[in-house]
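Novice:
Number of protein chains: 2
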Amino acid sequence: MAAGKMDTEVRREQIAQAALGIIATQGMKGFGIAAIADRVGIVPSAIYRHFKSKDEIIDSVLDLIRDSMIGNVTAICEETADPLERLEKLVSRQIGMLHAIPAIPQIIFSGGSFEGMSDRKDKLHESIRRYLVKIREIILQGQKAGVIRADMDSEVLSLMLMGTVQQAMIMWFVSGGNFDVNKYAKKAWAFYKNAIAN
Amino acid sequence: MAAGKMDTEVRREQIAQAALGIIATQGMKGFGIAAIADRVGIVPSAIYRHFKSKDEIIDSVLDLIRDSMIGNVTAICEETADPLERLEKLVSRQIGMLHAIPAIPQIIFSGGSFEGMSDRKDKLHESIRRYLVKIREIILQGQKAGVIRADMDSEVLSLMLMGTVQQAMIMWFVSGGNFDVNKYAKKAWAFYKNAIAN
DNA sequence: TTATAATGTGAATGTATATTCACATCGGAG
DNA sequence: CTCCGATGTGAATATACATTCACATTATAA
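Residue numbers (the numbering used here), protein chains in the order written: chain A, 1 to 198; chain B, 1001 to 1198.
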């Protein structure tokens, strides 16, 4: 593919992207050094010029997704200030990520491949926690502003919203892409909004 | 552990249970023939007297979980006829399964290990679909009876309920068991019930 | 241009693990 | 009791990978 030698920073990016592509198309089963190297256009052993180990690649991919998720939140916060609008945009943005990074469900839902290092799960946990806190902040803001019912636990509301989105991912994943995520997300959001709105 | 020779049916059960135990405690990473054999108290090669391959064991475990899930639905349907009560009991029962079979999240969320055969995912999909249909039937029944708002798509409602429960599983899993699932389930159900009730 | 550090290559190594096989042993049907 | 099929065992085999290594090649700075 990419002939010639390249700077290690570029290669690291290419490798992480290749990893995502493989996971998306072949699942975790196909996620191997050889496959990655193939996709990047170099030989397996060359991978080790840029990553110390396969684990490091996984970490890199996780970081990539985490940043993408957090990025979504900050992005929608800049688009609008209205809490309900923020949540709505966040939902559709999160769903949209499925198409941009189809590997997400497989990664999120495969604790299996991530139990290598003991702190891998901690890291994942921390990422999710941070993400949830941000959602919760939006909800709290909405409750303070009076547009979201205040008689409900903001943490529960944030978890349910996340659960709803992840359910879409699960359905999309197990159905092999046949599940209409957008339609579901739209209806689910309507229900959720109606339930939390004052 | 279990000395002496045993009937293959008993062994198959023991092996499936051992597999669940291992997955729960050590994750998919520890899920190997040797570990299973150890737990059952026989030698690795003896496993093959009862299962043709590791894949067949995975299938067996999946069946076990599927039956357990479906069993939950039929069980609560016998306990009560009221749709809302049925759903409530189903939620708490599903949450309760986390303690009975702690391996569930790891299995549900690790498509990664299950992509061996191409029809593995189809099977999983079919199980989830069947389960969802049953939830949906309860909701439809409630809508017909007038206790659940009829202006909402029953499929979306069933998916959201499932998503809510699965979010509890995810949090429980990534937090290493520190997340208080019961408290969350209680509040989430209250919210959901309030939103769907007429 | 040339020296050197970074990157790429092909072969070799090591390891983990599923699976097979020849043989041993048990348990129940006759 | 005594066979015989089913179950269990230990060693051997196969394979799939990650990782290492010695060497080749390229880019770049001087």
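C-beta: ideal position from N, C-alpha, C; glycine also.
(1) Taking CB distances under 9 Å as the criterion, tell me whether residue 1050(B) reaches chain A.
(2) Could you say which of 1028(B), 1007(B), 1194(B) lies nearest to residue 1105(B) if we only look at CA atoms?
(3) By Cβ distance, which residues of its chain are closer than 7 Å to residue 201(A), with the 5 residues on each side in sequence left out?
(4) Taking buried to mean at least 16 other C-beta atoms within 10 Å of its own C-beta, is residue 1134(B) buried or exposed?
(5) At the level of alpha carbons, what is the spacing between residue 124(A) and residue 1155(B)?
(6) Cα-Cα, which of 174(A), 142(A), 72(A), 188(A) is closest to residue 81(A)?
(7) Opposite residue 148(A) in the DSSP bridges: which residues?
(8) With 16 as the cutoff for other CB atoms within 10 Å, does residue 10(A) come out buried or exposed?
(9) Can you check the segment 1044 to 1131 of chain B for any alpha helix (DSSP H) of at least 4 residues that lies completely inside it and give the ranges in chain order?
(10) What residue range does the alpha helix (DSSP H) around residue 1015(B) cover?
(11) Counting only beta-carbon atoms, is residue 207(A) nearer than 9 Å to chain B?
(12) Check the Cβ of residue 184(A) against every Cβ in chain B and list those closer than 7 Å, keeping chain order.
(13) Can we say the segment 1073 to 1092 of chain B touches the segment 191 to 198 of chain A, given the rule of at least three CB pairs closer than 8 Å?
(14) According to DSSP, simplified to helix, strand and coil, what is residue 1179(B)?
(15) With DSSP as the reference, label residue 42(A) as helix, strand or coil.
(16) By how many angstroms is the C-alpha of residue 1031(B) removed from the C-alpha of residue 112(A)?
(17) Mapping the DSSP letters down to three states, classify residue 1005(B) as helix, strand or coil.
(18) Is residue 1073(B) closer than 9 Å to residue 1020(B) when the C-beta atoms are compared?
(19) If the cut is a Cβ gap below 9 Å, which residues of chain B does residue 176(A) touch?
(20) Quick one: is residue 163(A) near chain B, going by C-beta distance under 9 Å?
(21) Just to check my reading of the structure: residue 159(A) and residue 139(A) have Cβ atoms closer than 8 Å, yes? What is that Cβ distance to the nearest angstrom?
(22) Going by Cα to Cα distance, which pick from 1175(B), 1023(B), 1064(B) is closest to residue 121(A)?
(23) Between the segment 88 to 97 of chain A and the segment 182 to 194 of chain A, do three or more beta carbon pairs fall short of 8 Å?
(24) Can you tell me which of 1152(B), 1137(B), 1145(B), 1016(B) puts its alpha carbon nearest to the alpha carbon of residue 1058(B)?
(25) Could one say the Cβ of residue 24(A) lies closer than 9 Å to chain B's Cβ atoms, at least one of them?
(26) For residue 67(A), return the contacting residues in chain B, with the cut-off set at a CB-CB distance below 7 Å.
(27) Tell me whether residue 31(A) sits in a helix, a strand or coil according to DSSP, three-state version.
(28) For residue 171(A), would you say it is in contact with chain B, using Cβ-to-Cβ distances shorter than 9 Å as the test?
(29) Does DSSP put residue 1191(B) in a helix, in a strand, or in coil?
Specialist: To lay it out plainly:
(1) no
(2) 1028(B)
(3) Outside the displayed span of chain A (1 to 198) sits residue 201(A), for which this structure offers no information.
(4) buried
(5) 31 Å
(6) Comparing Cα-Cα distances from residue 81(A) to each of 174(A), 142(A), 72(A), 188(A), the minimum goes to 142(A).
(7) 197(A)
(8) exposed
(9) List check, alpha helix (DSSP H) in window: 1054 to 1079, 1083 to 1100, 1104 to 1108.
(10) Where residue 1015(B) is concerned, the enclosing alpha helix (DSSP H) stretches over 1008 to 1026.
(11) There is simply no residue 207(A) to check, as chain A begins at 1 and stops at 198 in what is shown.
(12) Within chain B, the residues placing a beta-carbon under 7 Å from that of residue 184(A) are 1156, 1159, ordered along the chain.
(13) In short, these stretches do not touch, since the Cβ pair count stays below three.
(14) coil
(15) If DSSP states are grouped into helix, strand and coil, residue 42(A) belongs with coil.
(16) Note on residue 112(A): pLDDT 45, under 50, position unreliable in the model; the coordinate value appears next. Whole-angstrom Cα-Cα distance: 10 Å.
(17) coil
(18) no
(19) Correct list: 1121, 1122, 1125.
(20) It does: the Cβ of residue 163(A) has a partner Cβ on chain B nearer than 9 Å.
(21) Not a contact, Cβ separation roughly 11 Å.
(22) If we check each option's Cα against that of residue 121(A), 1175(B) comes out closest.
(23) yes
(24) Put simply, of 1152(B), 1137(B), 1145(B), 1016(B) the residue whose alpha carbon is nearest the alpha carbon of residue 1058(B) is 1016(B).
(25) Output row for residue 24(A): interface = no.
(26) The contacting residues do not exist; residue 67(A) stays about 18 Å from chain B at best.
(27) In the structure shown, residue 31(A) sits in coil (DSSP, three-state: anything other than H, G, I, E or B).
(28) yes
(29) helix
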